[in-house]
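Undergrad: Before I ask anything, let me first share the structure, which is written out below as structure tokens.
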Amino acid sequence: MREEIGKIQVQVRRGGPDDGRLVDYEVPLLASQTVLDVVTWIQRNLEPALSYRFACRVGMCGSCAMTVNGRPRWTCRSHVTDVMKDGRIRIEPLRNLPVIKDLACDLSGFFDKWQRAEGAFVPTQTRKDSLAPIAPQEPARQAASAGIECINCAVCYAACDAVEQNPEYLGPAALNRAWTLVNDARDGGNRARLQAVTGPGGCQSCHSQQGCTSHCPNALNPTRSIAGLKQAAARAWLRGEL
Amino acid sequence: MLDFRLYLAQRISAMILAPLVLLHLGVMIYAVQGGLSAEEILGRTRDSLWWGSVYGLFVLAVAVHAAIGLRVIVAEWFGPGKRSLDLLMWLVMLGLLTLGGRAVYAVTLA
Ligand code: SF4
Ligand code: SF4
Ligand code: FES
Chain V
2 MREEIGKIQV
12 QVRRGGPDDG
22 RLVDYEVPLL
32 ASQTVLDVVT
42 WIQRNLEPAL
52 SYRFACRVGM
62 CGSCAMTVNG
72 RPRWTCRSHV
82 TDVMKDGRIR
92 IEPLRNLPVI
102 KDLACDLSGF
112 FDKWQRAEGA
122 FVPTQTRKDS
132 LAPIAPQEPA
142 RQAASAGIEC
152 INCAVCYAAC
162 DAVEQNPEYL
172 GPAALNRAWT
182 LVNDARDGGN
192 RARLQAVTGP
202 GGCQSCHSQQ
212 GCTSHCPNAL
222 NPTRSIAGLK
232 QAAARAWLRG
242 EL
Chain S
48 MLDFRLYLAQ
58 RISAMILAPL
68 VLLHLGVMIY
78 AVQGGLSAEE
88 ILGRTRDSLW
98 WGSVYGLFVL
108 AVAVHAAIGL
118 RVIVAEWFGP
128 GKRSLDLLMW
138 LVMLGLLTLG
148 GRAVYAVTLA
């Protein structure tokens, strides 16, 4: 057991979709403690019915994102000492997503948009063909690599004001995914993809203000990906493909 | 609320506006040297195909750019339906075209 080095005053949003309220808890402050550790401590010691979501606890699965002191974060890799303000932490569910209960959001709308943005790989070869030769330094490969490490955590989506204003907007994560596929030489779905990402709520709704980029825990740059999509779509429009 | 073609039209009109605004500012600075008079301005612009086309294009680009930009702002702040947005956009565009067109006509052809 790590040594207790103080106390944290924690507020957690509790309740269903329509009866949300902030509840106060006092939690021991420990060294190297994450916000997810705090939530887990509350659930184990004070509030067994507290609902929240996590899986890997090491920043791989993308399921633990919450709003911490007003900002969306991956809680399993956010240290309490980095985010605490005057000994206090307020923990709420992610913005722009319907709450199910307490800190757990319904992410189906978020993932439906990945489908709507044609975020699924469209193969052009079979297993009988040989592997596609793609040099690591090719610009398209580099552009795909820059966006590929997304963990689907929806932090960017919660940070995006364009999503808040226009619930139809596909959002940074789905568009970033589409951009990685636009740059995948093996993929054959680009015509439909560029049509999908320029339809209602498409990439043209992005303000380029980089709320997504400044909050992405994996330091991805969805704003740049969306700018790439806009350019690629403009070229497709000139070719008469939109 | 923003169609991709409208988005493109706004980007293209911005690309047209950027050099024209610089040209306009440059001419203004040049024109006020040694005082500003109506004769001097009209002497430059009257019957000039060049200035007529430059400012005609300017007005066209402004009308397109401003109408689409306002559409986006109104859509995001007040969230009206698509039909009201379309109506607003066309009214603003026509209004700017009329005002700007009259001014260009006045200094070139009238
Ligand atoms: S840059 Fe675009 S996608 Fe990113 S937060 Fe802003 S509007 Fe949303
Ligand atoms: S782009 Fe970044 S913030 Fe958005 S879902 Fe992927 S990892 Fe999370
Ligand atoms: S629990 Fe998996 S990323 Fe945080």
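Here the protein sequences come in this chain order: V and S. Take the position in the first sequence, starting the count at 1, then add 1; the result is the number in our numbering. Take the position in the second sequence, starting the count at 1, then add 47; the result is the number in our numbering. Idealized CB from N, CA, C, for every residue including glycine.
1. If contact means a Cβ-Cβ distance below 7 Å, which residues of the region 195 to 217 of chain V contact chain S?
2. Report whether the distance from the Cβ of ALA56/V to the nearest heavy atom of ligand 3 is below 6 Å.
3. Given that TYR54/S touches chain V, what residues does it touch there, using C-beta distances under 7 Å?
4. Under 7 Å, do ARG58/V and CYS77/V count as touching if we go by C-beta distance?
5. Assuming SER33/V contacts LEU104/V (C-beta within less than 8 Å), just tell me the rounded distance between them.
6. In angstroms, rounded to a whole number, what distance separates the CA positions of GLU242/V and PRO173/V?
7. Excluding the five sequence neighbours on either side, which residues of its own chain have a C-beta within less than 7 Å of the C-beta of TYR102/S, listed in chain order?
8. Can you confirm whether the region 212 to 223 of chain V touches the region 130 to 150 of chain V when touching is taken to mean that 3 or more C-beta pairs between the two stretches lie within less than 8 Å?
9. Can a CB atom of chain V be found closer than 7 Å to the CB of LEU135/S?
10. Judging by CA-CA distance, which residue of ALA186/V, SER109/V, ALA118/V, CYS157/V is the nearest neighbour of GLN143/V?
11. Quick one: what's got a C-beta closer than 8 Å to ALA163/V's C-beta in the same chain, skipping five residues either side?
12. Can you list, in chain order, the residues of its chain with a C-beta nearer than 7 Å to that of THR1/V? Leave out the 5 residues immediately preceding and following it.
13. In chain order, what residues of the region 103 to 127 of chain S put their CB closer than 7 Å to some CB of chain V?
14. Given that ALA235/V touches chain S, what residues does it touch there, using C-beta distances under 8 Å?
15. LEU132/S versus chain V: which residues are under 7 Å apart at the beta carbon?
16. Which residue from LEU47/V, ALA193/V, GLY202/V, VAL28/V puts its Cα closest to that of GLU4/V?
17. How about GLY229/V: is its Cβ closer than 6 Å to a heavy atom in ligand 1?
18. Taking DSSP as the reference, what is the three-state secondary structure of ASP107/V?
19. Going straight from the alpha carbon of GLY142/S to that of HIS71/S, what length do you get?
20. Is there at least one Cβ from chain S nearer than 7 Å to GLN116/V's Cβ?
21. Bridge partners of LEU31/V, per DSSP?
22. Kindly identify the DSSP beta-bridge partner or partners of VAL69/V.
23. Are the CB atoms of HIS112/S and ALA65/S nearer to each other than 7 Å?
24. Against chain S, which members of the region 156 to 172 of chain V pass a CB distance test of less than 7 Å?
25. Just to check my reading of the structure: ALA118/V and ALA193/V have Cβ atoms closer than 8 Å, yes? What is that Cβ distance to the nearest angstrom?
26. For LEU243/V, which residues in chain S fall below 7 Å Cβ to Cβ?
27. Grab me the residues of ILE115/S's own chain with a C-beta within less than 7 Å of its C-beta, minus the 5 sequence neighbours each way, in chain order.
28. Report the three-state DSSP secondary structure of LYS114/V (helix, strand or coil).
29. Should THR35/V and HIS80/V be called a contact, given that it needs their Cβ atoms to be closer than 7 Å?
30. Closer than 8 Å by C-beta to GLY17/V: which residues in its own chain qualify, once you throw out the five before and the five after it? Chain order, please.
TA: The answer reads as follows:
1. THR199, GLY203, GLN205, SER206
2. yes
3. GLN205
4. yes
5. Not confirmed; about 22 Å, so no contact.
6. 23 Å
7. VAL151
8. yes
9. no
10. ALA186/V
11. TYR170, GLY172, SER206, CYS207, HIS208
12. Residue numbering for chain V in the displayed model covers 2 to 243; residue 1/V lies beyond these limits and cannot be assessed.
13. GLU123
14. LEU55, ARG58
15. Result: empty, since nearest Cβ-Cβ is about 12 Å, beyond 7 Å.
16. VAL28/V
17. no
18. coil
19. 21 Å
20. no
21. GLU5/V
22. ARG72/V, ILE92/V
23. no
24. GLN166, ASN167
25. No, ALA118/V and ALA193/V are not in contact; Cβ-Cβ is about 11 Å, not under 8 Å.
26. PHE51
27. LEU53, ALA56, GLN57, MET136
28. helix
29. yes
30. VAL100, ILE101, LYS102
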